[in-house]
Amino acid sequence: MTTQTLNEQQLAAAQRQAAIARAVKIIRRTIAYSFMTFLGFLFLFPIVFMVVAAFKPNERVIADLASIRAFLPNPSQLTLENIRDVFDSVRFGRLAFNSLFITLVTVISGLFVNSMAAFTLSRLRWPGRTLMLSIIVSLIIIPLEAIAVPLLMQVNQMSDAMNIIVLALLLLLTGLLWVIVWSASGKMFREWPVLRNLPEPALYLLQALVVAVIALPLEVLVYFMLQQAQEGGTWLNSYHVQILPFIAEPFSIFLFYQFFIGIPKDFDEAAYVDGAGPFRIYWQVMVPLSRPVFATVAILKFLQFWSFYLWPLMVTRGDEFRPLMVGMDFFQTQLPIRWGSIMAYAAMVTIPVLITFLLFQKWFVQSVSSSGVKG
Amino acid sequence: MHALFERTFRGRQGREFWTAMLMGGPAFLMLVLFMIWPFIRGIDLSTTNQRFDGSVATRLDPWYRNFDQVLSVNAIKLPDLPDVVPYRAPAVGWYRERTPACNQCQSNFSCDITDPDDAVCAENCAQICERGDLIFRWRGRNLDEIGLGEYSEYEIARQVSFGGNHYAIIAKDPLFWKGLLNNFYFALVVVPVQTGLALLLAIVVNQKLPYRNVFRTMYFSPVVTAMVIIAVVWKFLYNPDFGLINEMIQFVTFGQVEGFRWLQSPDMAMPAIMIMSIWQGVGFQMIIFLAGLQDIPEDLYEASSIDGANIWQQFRFITLPMLRNTMIFVVLTTTILAFRLFDQVNVMTPDGGPNESTATMVWYAIRRGWTQSEVGYASAISVVFVVIVLIVSLIQRTVVKSESAIE
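Going down the list, the sequences are from chains A and B.
Numbered according to this note's numbering, the first sequence spans residues 65 to 439.
Numbered according to this note's numbering, the second sequence spans residues 48 to 454.
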């Protein structure tokens with residue numbers, strides 16, 4: 065009898081404790097979530113405000129500021145007027161194309177050029193290698209802003225010899241990429257069940273097509289430089305002046321290098337024993353094994369060149385070659401300032417990148433954590 | 048020599064050398080063409096009076112004249128105050144600024160200082176007028192008259208009063224020094240705050256809570272917005288009259304704080320830019336810290352909690368030491384970014400802000416070199432800028448190294 069009551073008491077005490085623990089957990093979570101939500105509000109309110117304001121008539125943008133309405137769209141007043149105004153005032157499509165084109169060509173050719181350089185630094189033995197490595201590491205500190213003015217002088221008066229050297233470099237790179245992709249894809253093509261039954265010439269044609277598409281960024285640059293070499297003179301107001309100086313970049317080389325030296329040498333030695341040369345080892349061993357660092361460098365450089373401002377501002381006139389960031393200046397110089405249109409422009413630039421990021425965000429966090437950016 | 052040549056360029060090693068040149072050469076050559084060469088060219092240009100319009104430049108005599116102009120700074124004692132400080136600015140020397148209040152009371156008819164009947168009013172007026180700032184009129188060609196002729200190329204950067212004496216820090220190019228100080232101000236505030244905040248955010252979103260990914264995404268989203276674009280949005284938010292930020296400050300403080308004039312006020316313009324920069328950049332550091340946090344083995348925390356360590360001790364003795372490398376990386380990169388400050392400044396305060404309070408070194412170099420097309424002078428500023436960035440990172444690296452030596 066006594067033991068039973070005691071047990072009941074114990075049970076009650078245990079239940080009470082469990083209830084307290086649950087309550088503590090709930091309270092703790094509530095605090096954590098409210099803190100996190102508060103922080104989330106701080107980070108999101110300018111973006112939310114921007115998007116909402118983009119769909120408001122100009123006068124409402126300022127009128128709504130004093131209240132919560134700044135963040136709330138008013139269904140009866142939603143308007144596409146601002147977006148129409150953006151398209152009427154600037155060649156938004158052209159600017160967007162310029163931005164995307166410049167960014168993609170810079171990022172893709174940068175991935176290829178920088179990873180190859182890192183490959184020679186981490187996998188091949190040649191005199192001057194350590195010196196080159198230390199030069200590259202020390203170049204990381206030199207910011208573009210510090211060389212912007214002399215670089216501007218240089219691209220303004222490119223000598224013919226310089227043009228030829230750059231053109232030759234690009235031709236070399238394009239040829240290299242062709243050879244690498246061609247030699248690596250030949251076997252792969254013949255192993256695919258779908259393609260195996262195709263006649264030999266068709267296979268070659270297809271292979272050539274794939275090679276040409278992969279090397280497209282470099283081919284486009286070759287085309288620009290061919291024209292430039294013919295015309296001579298200034299590089300200002302062109303696409304390549306916004307691309308070529310930034311393809312090779314010390315920080316990317318360093319990131320690739322750091323990742324490559326972490327890959328065990330056994331992999332490429334096995335490939336070497338199988339008769340693979342450095343090209344094959346690079347393309348078929350190193351590149352597939354280093355996807356995280358490729359992703360990280362691609363994202364970092366994309367963000368950097370998508371929001372690139374100083375250099376395009378200096379080297380472009382008019383909207384022919386200008387990217388979106390510089391195009392925005394138009395709305396700031398026009399009086400009276402049309403805040404609705406500015407917000408619409410900002411939203412139209414920001415939202416696509418934001419959505420892309422949302423789609424890939426989990427993957428992005430993973431790639432940063434496994435690529436060793438953390439130093 | 049011949050053997051070395053043979054070894055380097057022939058045979059298996061030779062093949063490796065040529066492959067390396069083929070694969071790495073383009074990148075190295077591009078770095079030389081577009082980074083190293085412009086940098087060397089910049090050093091060369093910094094000793095000339097090159098302009099962007101293509102006119103022929105000449106080497107300066109002496110070659111360091113641009114650097115002299117950029118870097119010359121001096122502290123001098125200003126002449127003593129005269130017994131009666133005039134309200135009208137002399138050719139050179141002290142005067143007292145006429146404040147609007149002073150002007151008003153003096154122009155007021157009933158308060159004529161010469162009228163003895165109105166003595167009280169006159170006294171009040173004199174007191175009001177004496178609140179005007181003491182200013183030293185500094186004009187190069189008149190400096191000889193007061194024995195400061197050797198400083199005729201200088202301008203006053205800042206005035207300090209000390210024990211009844213007046214001193215001035217003078218520089219040949221005060222705007223450069225202002226930019227330099229602003230850069231250090233920005234770096235000294237933003238680097239610690241941003242790093243600390245990023246660590247806090249990383250710890251917050253590293254908790255094992257449902258939906259933490261949602262919050263991680265929220266905190267990161269400013270990073271993917273372009274700085275130039277978002278700076279324009281913030282410029283609007285900072286508007287002193289109808290800006291959202293002032294409205295929110297008033298709401299939170301129940302109207303006790305009126306808000307600030309942000310970009311229009313010399314004191315608040317730089318903090319405004321700092322806040323926005325931290326808001327935009329902190330998410331990226333958060334991700335890097337998050338990666339570092341996830342590398343810390345879970346057993347360390349378990350073992351320490353069995354030993355009775357509390358959360359603070361765990362943070363202090365496990366999290367922080369394990370994050371050391373990440374921390375170093377974040378601090379080094381954020382510092383360099385802080386010195387590169389340009390985009391936000393140029394968008395939010397194109398003219399350098401009130402009293403040039405948001406001018407930075409890069410902003411100034413671009414303004415001289417591009418807007419005013421003084422390429423030679425801007426190159427000199429750029430060279431000094433690189434040297435400063437170099438010194439700062441060397442100091443940081445030495446500190447990091449000596450710390451690890453102690454451990």
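The C-beta atom is built at its ideal place from N, Cα and C for all residues, glycine as well.
Counting the other Cβ atoms within 10 Å of the Cβ of E403(B) gives 16 or more, which makes it buried. Look at the segment 435-446 of chain B: the residues with a C-beta under 7 Å from a C-beta of chain A are V436, L437 and S440. A Cβ-Cβ contact shorter than 9 Å links L215(A) with F81(B). In the three-state scheme derived from DSSP, where H, G and I count as helix and E and B as strand, W141(B) is classed as strand. Below the 7 Å Cβ cutoff, chain B contributes A273, M274 and V275 as neighbours of S371(A), in chain order. Scanning its chain for C-beta atoms nearer than 8 Å, with the 5 sequence neighbours on each side dropped, one finds around I413(B) the residues F389, N393 and A425, in chain order.
The CB of D100(B) never comes closer than 8 Å to any CB in chain A; the least such distance is about 10 Å. Counting C-beta pairs with one atom in each stretch, the segment 260-278 of chain B and the segment 317-331 of chain B have three or more that are closer than 8 Å, which means they touch. For S153(A), the closest C-alpha among the options D332(A), P387(A), T101(A) and F395(A) is that of F395(A). In this chain, F114(B) is not harboured by any beta strand (DSSP E); it is covered by the alpha helix (DSSP H) spanning R112 to L118.
Classified as buried, V430(B) has 16 or more neighbouring CB atoms from the shown chains inside 10 Å of its CB.
The segment 165-185 of chain B makes contact with the segment 134-144 of chain B, as at least three CB pairs between them are under 8 Å. Within 8 Å of the CB of L175(A), no CB atom of chain B is found; the nearest one sits about 11 Å away.
Residue nearest to M321(B) within the set A338(B), V279(B), T405(B) and I442(B) is T405(B) (criterion: CA-CA distance). Taking a contact to require three or more Cβ pairs closer than 8 Å, the segment 350-367 of chain A and the segment 210-230 of chain A do not qualify as touching.
Taking 9 Å as the cut-off, the Cβ atoms of L142(A) and F109(A) do not count as close. One alpha carbon belongs to F323(A), the other to F376(B), and they sit about 16 Å apart. Legend: CB atoms of the segment 396-417 of chain B lying less than 8 Å from CB atoms of chain A belong to residues V409, A412, I413, G416 and W417. Contact of S433(A) with chain B by beta-carbon distance below 9 Å involves I334, I335, L337, A338, G339, Q341 and D342. Taking a C-beta distance under 9 Å as the contact criterion, S179(A) and V379(A) do not qualify as a contact pair. Just so you know, the alpha carbons of A76(A) and T414(A) end up roughly 57 Å apart.
In the three-state reduction of the DSSP assignment, R263(B) falls in the helix class, which pools H, G and I. Assigned with DSSP and collapsed to three states, R205(B) falls in strand. At least one CB of chain A lies nearer than 9 Å to the CB of P85(B). Ranked by how close their Cα comes to the Cα of G399(B), the residues T105(B), G89(B) and N229(B) have N229(B) in first place. Counting only runs that start and end inside the segment 228-315 of chain A, there is no beta strand (DSSP E) element of at least 3 residues. Rounded to the nearest whole angstrom, the C-alpha separation of I91(A) and F135(A) is 29 Å.
The beta-carbon separation of L267(A) and F288(A), rounded to 32 Å, does not stay under the 8 Å limit for a contact.
It is roughly 24 Å from the alpha-carbon of I203(B) to the alpha-carbon of G423(B). The contact set of I311(A) on chain B, defined by CB atoms closer than 7 Å, consists of M77 in chain order. Taking a Cβ-Cβ threshold of 8 Å, the residues of chain B close to K426(A) are N260, in chain order. Ranked by Cα distance from K225(B), the first of E177(B), L284(B) and L118(B) is L118(B). Counting along the chain, the unbroken alpha helix (DSSP H) around N229(B) starts and ends at P221 to N253. Put simply, of P401(B), M77(B), L337(B) and E421(B) the residue whose alpha carbon is nearest the alpha carbon of R308(B) is P401(B).
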